[in-house]
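Numbers given in my numbering equal positions in the sequence shown, counted from 1, plus 142. Built from N, CA and C at the ideal position, the CB exists for glycine as well. Heads up: the structure comes next, in structure tokens.
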Amino acid sequence: MSLSCSNIKTTDKNGDLNFLNQEATQWRDVPKKPIEYAPQSKTIMLSGGLTIMQDKLIQSALNSLGINYIALPNPDFASFQTGKAFGNKAQCNPTYFTVGNLVKYLQNLRDNEGISAKEIVKRYIYITAGGCGPCRFGMYITEYKKALRDAGFDGFRITSFEHNKGIFQGDEIDDNLLNFTPKFFVTLVKAVIIGDILNILGYKIRPYEVEVGSTNRALEECRDIVSNAFISHKNLTRAMYRCRGILSKVKLNRLQPKAKVMVMGEFWAAMTEGDGNYNLHKFLEAEGAECIPQPIINRLMLSLWEAKTDLKSKEELATDSTNHIDFSSAKKRLLLKAGEFGVKSYFYLYAKAIGLHEYKIIDIEELAKLSKEYYTLECEGGEGFLEVAHLLESIEKKLAHLVISIKPFGCMPSSAVSDGIQPLITNRFSSANFLSIETSGEGSANFYSRVQMALFKAKQLAKDEFEEIEQPRHLPEKINNYLYQPNSDAIGTASKLLKSVVNLHL
Ligand code: SF4
Numbered sequence: 143m144s145l146s147c148s149n150i151k152t153t154d155k156n157g158d159l160n161f162l163n164q165e166a167t168q169w170r171d172v173p174k175k176p177i178e179y180a181p182q183s184k185t186i187m188l189s190g191g192l193t194i195m196q197d198k199l200i201q202s203a204l205n206s207l208g209i210n211y212i213a214l215p216n217p218d219f220a221s222f223q224t225g226k227a228f229g230n231k232a233q234c235n236p237t238y239f240t241v242g243n244l245v246k247y248l249q250n251l252r253d254n255e256g257i258s259a260k261e262i263v264k265r266y267i268y269i270t271a272g273g274c275g276p277c278r279f280g281m282y283i284t285e286y287k288k289a290l291r292d293a294g295f296d297g298f299r300i301t302s303f304e305h306n307k308g309i310f311q312g313d314e315i316d317d318n319l320l321n322f323t324p325k326f327f328v329t330l331v332k333a334v335i336i337g338d339i340l341n342i343l344g345y346k347i348r349p350y351e352v353e354v355g356s357t358n359r360a361l362e363e364c365r366d367i368v369s370n371a372f373i374s375h376k377n378l379t380r381a382m383y384r385c386r387g388i389l390s391k392v393k394l395n396r397l398q399p400k401a402k403v404m405v406m407g408e409f410w411a412a413m414t415e416g417d418g419n420y421n422l423h424k425f426l427e428a429e430g431a432e433c434i435p436q437p438i439i440n441r442l443m444l445s446l447w448e449a450k451t452d453l454k455s456k457e458e459l460a461t462d463s464t465n466h467i468d469f470s471s472a473k474k475r476l477l478l479k480a481g482e483f484g485v486k487s488y489f490y491l492y493a494k495a496i497g498l499h500e501y502k503i504i505d506i507e508e509l510a511k512l513s514k515e516y517y518t519l520e521c522e523g524g525e526g527f528l529e530v531a532h533l534l535e536s537i538e539k540k541l542a543h544l545v546i547s548i549k550p551f552g553c554m555p556s557s558a559v560s561d562g563i564q565p566l567i568t569n570r571f572s573s574a575n576f577l578s579i580e581t582s583g584e585g586s587a588n589f590y591s592r593v594q595m596a597l598f599k600a601k602q603l604a605k606d607e608f609e610e611i612e613q614p615r616h617l618p619e620k621i622n623n624y625l626y627q628p629n630s631d632a633i634g635t636a637s638k639l640l641k642s643v644v645n646l647h648l
């Protein structure tokens, strides 16, 4: 043994097994000293972590209800490092990014704005999505609290609505303080839906813009219009119609054969737009691709489907053992149906107003049928069967030249389960171009090079598809207007447009 090794002393507690004889006590995650929290009028709600558009719209929407709500800035690499510094080891990186972002924000309040940690703990509250897992998701709130405690904010409150108990439930919510009324949720859902629509359009328009940056400028203008409509309680449909005029002014050249890339995978990794996924969408666009993003409404539809399926299984169990009619379950079923109807109606209303005509909200029932041969539908966690379903749907309906499934390193439902099934699908369907890729927060070089390799084939496919189409002699002007969204059996946008013109002249 070297001298340096023999000098290492074991800690006093090392090897101490006395705890084995101690009486077990219930562990509770409560602050060391009791805290007198601020009343509702002085409480500030914090949240964030969706897309940049949605975070901003949600802030305006909730402010319009008189709620003191602030959307945190988009989490960046510094957030991740802060999260790692205060968090436990081996967490999923959305935990590090999210809690690190929160700690960074609170540290700024304390160190630069002069608000004491005690005051911050009293007045601020963080709201997030929670759930019981079955993966590490079940530990998120406990992990957040641990990091906050170690960062000097012991007793900081975190509350959640649970993603896997229907839509809007949670046992940690203090109803009196947060006042989660139906109006709150309807307003929140409207902001999320409008954010989805603007994001979807942004991804369709930006790759073809003639002047770099013009789409983002137009989207910012649209965001301000919708935000003002929320704050001044004006008609949101009209606001979306005004946005149509703004987006129409973005000059486009849509006859560029670009690879269409579906980005799916673990919810947060696929949705975030920043260092959390190495700016994947931006990178793909810079490399000459068009992204198909995963709107948040997909996750909402899956949650509703899971809630309905759970209810059905419980009802079947109940009818086996009792003859009583359970009215509470009928009421819940009705609420879920109404919720789904409401979400879809608002989506199509706003989509129509802004001119997103051809978009269809995912049909979870259809996707479940498609994937049940490969994936046990009852197996929940992460995106459940959706990742497998997305790949199958993309092959069957020719939706993309490349499907990327992105997930945090070691994601249990995504890396361990879905990615175990995807090779079977890619073996059965030779046309599948699929890439599974993990993010760890650090080391982007390998990540980008793998994406570039898969993209090379996708670009070639897009080019070949385009060149095979006969070039029409006359191209109508509308071809470069985003409001013209024809459907044809081509994958790429340019090929779809060309085919539609050729078909017109047949
Ligand atoms: S879905 Fe994956 S990344 Fe998200 S909490 Fe579960 S294991 Fe972690």
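Residue(s) in a DSSP beta bridge with residue i
i      : result
Phe576 : Val545
Gly524 : Per DSSP, none; premise fails for Gly524.
Val405 : Ile546
Leu188 : Ile212 and Tyr268
Cys433 : Val403
Glu584 : Per DSSP, none; premise fails for Glu584.
Glu351 : Leu394
Arg299 : Ile267
Cβ-heavy atom distance, residue i to ligand 1, below 7 angstroms
i      : result
Ser258 : no
Glu651 : Since the displayed the chain opens at 143 and closes at 648, residue 651 lies outside it and no answer follows.
Lys424 : no
Lys549 : yes
Phe279 : yes
Ser556 : yes
Gly190 : no
Pro435 : no
Gly524 : yes
Cys234 : yes
Cys364 : no
Cys553 : yes
Reference residue i, options the options, closest by Cα
i      : options                           : result
Asn575 : Gln594, Ala180 and Tyr179         : Gln594
Glu343 : Ile269, Gly497 and Asn377         : It is Leu, not Glu, that sits at residue 343 in the sequence shown. Ranking the options by Cα distance to Leu343, first place goes to Gly497.
Ser536 : Gly523, Tyr247 and Ile567         : Ile567
Ile563 : Lys599, Ser572 and Tyr516         : Tyr516
Ile546 : Asn230, Tyr590, Gly297 and Pro324 : Tyr590
Lys187 : Asn230, Val263, Pro176 and Ile257 : According to the sequence shown, residue 187 is Met rather than Lys. When only C-alpha atoms are compared, the closest one is Val263.
Lys391 : Leu361, Gly481 and Leu491         : Leu361
Arg592 : Gln602, Ser578 and Thr224         : Ser578
Val485 : Gly272, Val328 and Arg384         : Val328
His375 : Ile339, Ala227 and Ala203         : Ala203
Asp366 : Val172, Asn588 and Ile200         : Ile200
Cys433 : Gly297, Lys450 and Glu415         : Glu415
Glu584 : Ala600, Glu607, Ser556 and Phe551 : Phe551
Tyr501 : Phe489, Gly430, Asp292 and Glu525 : Phe489
Buried versus exposed, by CB contacts within 10 Å (16 or more), residue i
i      : result
Ile267 : buried
Gly337 : buried
Ile373 : exposed
Asn306 : Bear in mind that the predicted position of Asn306 carries a pLDDT of just 46, short of 50, making it unreliable; the figure below should be weighed with that in mind. Buried: at least 16 other Cβ atoms inside 10 Å.
Val334 : buried
Leu389 : buried
Ala531 : buried
Leu162 : exposed
Gly308 : Any answer about Gly308 is weak, because its pLDDT of 37 lies below 50 and its placement is not dependable; what the coordinates show is given next. By the neighbour-count rule (16 or more Cβ atoms within 10 Å), Gly308 is buried.
Glu116 : The question about residue 116 has no answer, for the chain in this structure spans 143 to 648.
Asn216 : buried
Leu617 : exposed
His499 : exposed
His543 : buried
Pro349 : buried
Asp313 : Here the model assigns Asp313 a pLDDT of 38, short of 50, so the residue's position is not dependable, and the following value carries that caveat. Classification for Asp313: exposed.
Gln168 : exposed
Lys246 : buried
Asn419 : buried
Asn243 : buried
CB contact flag (residue i, residue j, <8 angstroms)
i      : j      : result
Glu178 : Val241 : no
Cys364 : Met554 : no
Pro236 : Trp410 : yes
Leu597 : Ile506 : no
Ala636 : Lys400 : yes
Ala213 : Arg265 : no
Val644 : Ile621 : no
Lys456 : Ala604 : no
Val405 : Pro435 : yes
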